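Counting along the sequence shown from 1, when you hit position 12 you're at 12 in the UniProt record's numbering, and nothing is skipped either side. Cβ coordinates follow ideal geometry from the N, Cα and C atoms, glycine included. Quick caveat: nothing in here was measured; it's all calculated off a predicted structure.
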Amino acid sequence: MSKAANYRAPATGQFISEKTAKHLDLMFMAEDFKRWALQASAAGRKDEARDMARRHSELKREAQAALRDSEVAYV
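Dropping the structure here:
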């Protein structure tokens, strides 16, 4: 199940759109990869850390694209 599946907008209490949920899921995954990259780097696994950092960057770009496509209106 999506980490954002049960997320509600704080101001309105309404469920967020599927596209916004996709954006949030990508952001959560990106942060996971960032954490794993830091752990691998600390453990001296440089190749693994570099791969994780690259995936983190890719996911952040995907999340930004998903946000542009979402129907979120900021007040």
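query, result
"Per-residue DSSP class, three states only, for A21", "helix"
"With 16 other Cβ atoms within 10 Å as the buried cut-off, status of residue 100", "Given that the chain is displayed from residue 1 to residue 75, the structure contains no residue 100 and the question cannot be resolved."
"From E58, L67, A66, residue whose alpha carbon lies closest to that of D32", "E58"
"Rounded C-alpha distance that separates N21 from K46", "First, the residue type needs correcting, since residue 21 is Ala and not Asn in the sequence shown. Answer to the nearest angstrom: the Cα atoms are 32 Å apart."
"Spatial distance of R35 from D69 (CA atoms)", "27 Å"
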